[in-house]
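Working notes, structure below.
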Amino acid sequence: VVTSWKIYVACVASYLYILSMGMTISYTAPASMDMRRPGSRMQHITDDEITWIGSLSMLGGVPANILGGYFSQKYGRKTVLMLTSILFTSSWLMIAYASSVAWICAGRIISGFCTGLYVVAVPAYVAEIAPQNKRGMLSSGLPLFNTLGIFLVMCLGLVLRWSWLAISIVILTVCSACMMVFMPESPVWLVRESRLEEAAHGLKFFRGKHFPYKKEVQQIAETLRNEQQNVPITLQDLKNPTFYKPLSISVALMFFWTASGSGPILAYTVEIFQRLGSALDPNVAAIILSAIQIVAAVSCSLIIDKYGRRKLYIMSASATSIMLICLGAYSFAMKHQPVTQGAIGYIPLVCFAIYAFVFNIGMGPIPFVMIPEMVSVQFRSTVLAISTVVISFFAFSSNKSYDGLRSLVGDHGVYWTYGFLSLCSVPFGYFILPETKNKSFEDISKSFSKKRDCQMTDLTTVK
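If you're matching positions, the sequence shown starts at 931 in my numbering and goes up one per residue.
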């Protein structure tokens, strides 16, 4: 398939919103220390208030996850992104100029609401503009740009005050909107709205003028007709295997994503390194882990279309569980015989580095690649919305329960719990997770409609 360079620009423009999402997720890590700085207008902030500032963005994302599918389906993916950027910019200006914790909390809730809309609209937009042979690579950009955002906010946090760090997110969002304004709307959405001429113009923009874009418009229209795209979702659809099977797999993917402990480990990296007695400065270690996540995300985008989603997921889940179990063993040993001198002091960094790499090459990005692929166009926005609601609740619960779980079973028990849950995702990946590599949306949708025996044969065959 001939592809214009413009499609890469469109993907980068949309993924810059995800970059700002990554900065939103990790903003509290560097900002909380600066807020406590003598002379800061937030210097009297309490630990409990810091915890809520770090968690409220996840709760803010819940209503957005519910409404995001409706907005994206009714008004279009690009339109949702453009309008959301206005609200997102306002939320960070609230935080930057806040004179009380209440204003910061309000800004965090609103910013979380906006990132909830982003995480619904961006994957749908990218999946629908990408050609079939590049869909895996382009769709894997979500975790890549998310980790880039995490790395960027960690680095900027070393040199910027917490208020200027918020301003930097405003600047990034404005740049995203300025790029996105020149991009066409999703051709799939335009065809659904019977705006065929605009859809053809969009495909010409993305594929190049020599590509038979009119033929692709006809193919999209035929697919939409077969899927009865214009029929509203009803209770009867709950019995439709092309709805409930991808939805069930999506929820499971999101559960294992959070059950691996990625949220708490990312949020409390500095604190974790301090408790484990790492030989390296905890702040430097946090930046190193962020950099490793970027390398892993880039690697995933390069190999996901070669090795397939399912095989990569199984290998990643296996290695993730092993590293967490090793961390638990180290923590248990340090509890009974503390030794942090010499090479032993670098064991936490090595384990976390491997964990960060193997998680972000498979378990981390693959759910965000596969969910838009598995779900038919008729149900895509709805399933994406449900999935992101689930991950918001799971992520909030995981982060808030971390301290309680640590008090109950100790640091080693926390890592072993995460390791066991990650290990449980291996049989899930082998027996249930389908392979979507190099398959059209229509073929993937048909695979869920097959009889159980045919389906299980397909799912348990490693491509």
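Here a beta-carbon is modelled for each residue, glycine too, at the ideal position from N, C-alpha and C.
Since the model is a prediction, treat every value here as computed from it, not as a measurement.
Would DSSP call residue i helix, strand or coil?
i       : result
PRO1114 : coil
ARG1007 : helix
SER1377 : helix
ILE1403 : What is shown of the chain runs 931 to 1393, which leaves residue 1403 out entirely.
ILE1362 : coil
ASP1211 : coil
LEU1279 : helix
SER1370 : coil
GLY1138 : coil
PRO1295 : coil
ASN1160 : Residue confidence is low: ASN1160 scores 46 on pLDDT, short of 50, so the model does not pin down where it sits. Its coordinate-derived value is still stated next. It is coil, neither helix nor strand.
PRO968  : coil
TRP935  : coil
VAL1305 : coil
TYR1198 : coil
LEU1090 : coil
TYR1027 : coil
ILE948  : helix
Just the C-alpha distance for residue i and residue j, rounded to the nearest angstrom, thanks.
i       : j       : result
TYR1174 : LEU1168 : 6 Å
ILE948  : PRO1073 : 8 Å
SER1178 : MET1067 : 24 Å
ILE1097 : LEU946  : 16 Å
LYS1139 : CYS1230 : 31 Å
GLN1148 : GLU1128 : 13 Å
PHE1001 : TYR957  : 27 Å
ILE1291 : ALA1197 : 19 Å
ILE1316 : VAL1228 : 27 Å
PHE1371 : ILE1362 : 18 Å
ARG1125 : TYR1055 : 17 Å
ALA1286 : PHE1112 : 36 Å
SER1106 : ILE1016 : 11 Å
VAL1392 : ILE1321 : With a pLDDT of 41 at VAL1392, under the threshold of 50, the modelled position of this residue cannot be trusted, and the question is left open.
LYS1236 : PHE1326 : 34 Å
MET1184 : THR1019 : 28 Å
SER1070 : LYS1241 : 15 Å
TYR1348 : PHE1323 : 17 Å
GLN1159 : PRO1117 : For GLN1159, the predicted model reports a pLDDT of 47, less than 50, meaning its position is unreliable; a value from the coordinates is still stated below. Distance between the alpha carbons of GLN1159 and PRO1117: 14 Å.
ALA1051 : GLN1003 : 9 Å
GLN1308 : LEU1154 : 8 Å
ARG878  : ILE1039 : Because the chain spans 931 through 1393 in this model, residue 878 falls outside it and cannot be assessed.
SER985  : GLU1146 : 44 Å
GLY1275 : ILE1252 : 19 Å
ARG1205 : THR1077 : 24 Å
PRO1176 : SER1041 : 29 Å
SER1021 : ALA1263 : 45 Å
VAL1288 : ARG971  : 41 Å
HIS1266 : TRP1187 : 31 Å
ILE1233 : PRO1364 : 18 Å
ASP1373 : PRO1212 : 48 Å
ILE955  : ILE1099 : 12 Å
PRO960  : GLY1207 : 20 Å
ILE938  : ASP978  : Residue 938 is actually Tyr in this sequence, not Ile. Cα to Cα, TYR938 sits roughly 43 Å from ASP978.
Taking residue i as part of the alpha helix (DSSP H), name the residues at either end of that continuous run.
i       : result
ILE1244 : 1239-1266
SER964  : According to the sequence as given, residue 964 is Asp; it is not Ser. 958-965 is the extent of the alpha helix (DSSP H) around ASP964.
PHE1075 : 1071-1086
PHE1186 : 1171-1189
GLU1058 : 1031-1059
SER1124 : Looking at the DSSP string, SER1124 is not in any alpha helix (DSSP H), and its letter there is neither H nor E.
Does any CB atom of chain C fall closer than 7 Å to the CB of residue i?
i       : result
MET1245 : Protein chain content of the structure displayed is limited to a single chain, and chain C is not contained in it.
The region 1342-1357 touching the region 1245-1263, judged by at least three CB pairs closer than 8 Å: When C-beta atoms of the region 1342-1357 are compared with those of the region 1245-1263, three or more pairs fall below 8 Å, so the two segments count as touching.
Cβ pair count under 8 Å reaching 3, the region 1037-1048 against the region 1293-1300: The region 1037-1048, when compared against the region 1293-1300, does not touch it at the 8 Å Cβ threshold.
Touching by the beta-carbon criterion (3+ pairs, under 8 Å), the region 1240-1247 and the region 1347-1360: Touching, yes.
Three-pair Cβ contact test at 8 Å for the region 1219-1237 versus the region 1356-1365: no
Touching by the beta-carbon criterion (3+ pairs, under 8 Å), the region 1325-1337 and the region 1190-1210: yes
Inter-stretch contact at 8 Å, needing at least 3 Cβ pairs: the region 964-971 / the region 1077-1092: yes
Any 3 or more C-beta pairs closer than 8 Å across the region 1078-1086 and the region 1017-1036: No, they do not touch.
Three or more C-beta pairs below 8 Å linking the region 1300-1312 and the region 985-996: no
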